[in-house]
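*Asks:*
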Amino acid sequence: MSTYLDPRFSYVPDLLMRVRWTEIEESIALYSESLIIVPTSAQPPVPKKAHVEESSYAKFVQSKRLSVGGSSIQAEMASYKALVVAGRPALDSDPVTFWRAHRDRFPLLQRIALHFLSPTQSIPRLNCATITSSQCNSPTWRVIIAQDCPASCGFCNEGGCVDAVTNCETDLSICTTVGMQDFVNTYCQRTCNRCPSTTAASGIVTSTGSSTVTCTSYIADTTTQCAAWAANGFCTNTFYTSAQRRARCATTCRIC
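Numbering (UniProt numbering), first residue to last: 1 to 256.
1. Skipping 5 residues on each side, what residues in its chain have a beta carbon closer than 6 Å to that of A250?
2. Hey, out of S27, R190, L114, R194, whose CA is closest to P7's CA?
3. Give the secondary structure of I112 by DSSP, where H, G and I count as helix, E and B as strand, and everything else as coil.
4. Pop quiz: F106 and Y80 are said to be a contact at Cβ under 8 Å. What is the actual Cβ separation, rounded to whole angstroms?
5. CA-CA distance, residue 266 and A101?
6. I'd like to check one pair, C128 with D149: are the Cβ atoms closer than 8 Å?
7. Below 8 Å on the Cβ atoms is my guess for F155 versus V162; work out the distance and round it to an integer in Å.
8. Please state whether the Cβ-Cβ distance between L83 and G233 is less than 8 Å.
9. Use the C-beta contact count for T199: other C-beta atoms within 10 angstroms, 16 or more gives buried, fewer gives exposed.
10. Return the first residue and the last residue of the alpha helix (DSSP H) that F98 is part of.
11. Between which residues of its own chain and Y11 is the CB-CB distance below 7 Å, once the five residues before and five after are set aside?
12. On the three-pair Cβ rule with 8 Å, is the stretch 219-231 touching the stretch 241-256?
13. Do you know how far the Cα of A247 is from the Cα of S32?
14. Would you mind sorting A231 into buried or exposed? The rule is 16 or more other CB atoms within 10 Å of its CB.
15. What ranges does the beta strand (DSSP E) occupy inside the UniProt domain "ShKT" (119-156), keeping only unbroken runs of at least 3 residues that lie completely in it?
16. Assuming Y187 is part of the alpha helix (DSSP H), what are its boundary residues?
17. What is the DSSP secondary structure of S217, reduced to helix, strand or coil?
18. According to DSSP, simplified to helix, strand and coil, what is L117?
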């Protein structure tokens with residue numbers, strides 16, 4: 001979802017290898033429904049006087065408001081797509097700045113974007129009390145739940161790293177099968193020891209002071225999108241820290 005929320009890369013043709021942009025849109029819509037709505041004002045609204053003769057009309061208006069509110073995320077996504085396809089921000093721009101500049105136009109998407117793209121999470125991404133069993137088994141939600149609400153799905157002992165799919169352990173050969181590495185790096189990180197914190201061989205050497213030592217090996221990429229990201233400048237984009245780039249695409253970006 002972070003790729004979708006980055007206007008520099010969102011809706012780029014052939015950027016996603018295993019999913020379609022429409023599937024990401026569905027995940028965004030579901031994510032929007034799960035957000036905790038924090039009131040912008042501590043003052044309660046002034047109660048209105050009840051009018052019996054307006055009750056039917058009031059109900060009709062309320063139903064229309066709910067209908068519009070329910071479809072607003074869809075409208076925002078359609079408008080967002082049209083905007084980024086027509087003209088993208090520069091590769092060296094800050095996506096967070098983009099969303100803050102467009103917060104009035106995309107209030108719901110901006111809120112979601114700041115959850116994923118801001119370095120500090122001051123607002124929970126999920127309401128842990130409303131997580132369902134289907135979310136615990138969903139490739140879209142498992143990793144997020146393991147990080148934000150591990151107790152809700154029994155992930156407390158997993159260290160924030162879980163398999164995105166639930167059947168990785170049934171065939172351990174996939175961890176070393178040629179042609180399956182993009183899949184296991186994304187969906188079977190726990191089973192195949194591909195968690196971002198996992199270190200590679202002891203031959204890795206980092207640079208110290210003014211001297212630079214060439215690495216002899218790198219930790220595995222943890223996403224299948226590294227090649228596309230690298231082509232778009234991810235490996236050298238200073239918006240992301242070296243640690244963030246290493247955690248995602250150490251091999252592709254050749255980061256010790």
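The beta carbon of each residue, even a glycine, is placed where N, CA and C say it ideally should be.
*Replies:* For this structure:
1. Y218, I219
2. L114
3. helix
4. 6 Å
5. Outside the shown range of the chain, which is 1 to 256, sits residue 266, and nothing can be said about it.
6. Checking the displayed sequence, the identity of residue 149 turns out to be Cys instead of Asp. Contact flag set, yes.
7. 6 Å
8. no
9. Reliability fails at T199, whose pLDDT of 33 lies under 50, so the model's placement of it is uncertain and no value is given.
10. 95-101
11. W21, K81, V84, V85
12. yes
13. 27 Å
14. exposed
15. none
16. 181-187
17. coil
18. helix
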